[in-house]
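Read through the structure below, which is laid out as structure tokens, and then see the notes.
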Amino acid sequence: MTVSLVEMKEGQSGTIVHIQGGRGIAGKLYSLGLRPGKKVTKVSGLFHGGPVVVKVDGFQLAIGYGKALQIFVQVNGNGQVNANE
Numbered sequence: 091m092t093v094s095l096v097e098m099k100e101g102q103s104g105t106i107v108h109i110q111g112g113r114g115i116a117g118k119l120y121s122l123g124l125r126p127g128k129k130v131t132k133v134s135g136l137f138h139g140g141p142v143v144v145k146v147d148g149f150q151l152a153i154g155y156g157k158a159l160q161i162f163v164q165v166n167g168n169g170q171v172n173a174n175e
């Protein structure tokens, strides 16, 4: 199942498959280590408007809500939360 970072549940992991938007946003996100093929885990997020915190390469990043809507992730397994991440 492919969802945006906003739609992921806290603790859920997956692999980035697509970043929507132009070169500007893609370049900014790539510089933060967020690019297709990277594994991410959602740490936290506020519903409707707050930042989304994700873990990638052992680091935690806070991504603005609008940008998080543009990052699409193939969720691992059946979409259940992975407590071991």
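Residue numbers (this note's numbering): 91 to 175.
Yeah, the Cβ is synthetic: ideal placement off N, Cα and C, and Gly gets one too.
Here Leu-151 is bridged, per DSSP, to Val-144.
The alpha-carbon separation between Lys-118 and Leu-95 amounts to approximately 16 Å.
The C-beta of Ala-158 has 16 or more other C-beta atoms within 10 Å across all chains shown, which makes the residue buried. Assigned with DSSP and collapsed to three states, Gly-117 falls in helix. In the structure shown, Gly-139 adopts coil according to DSSP, grouped into three states.
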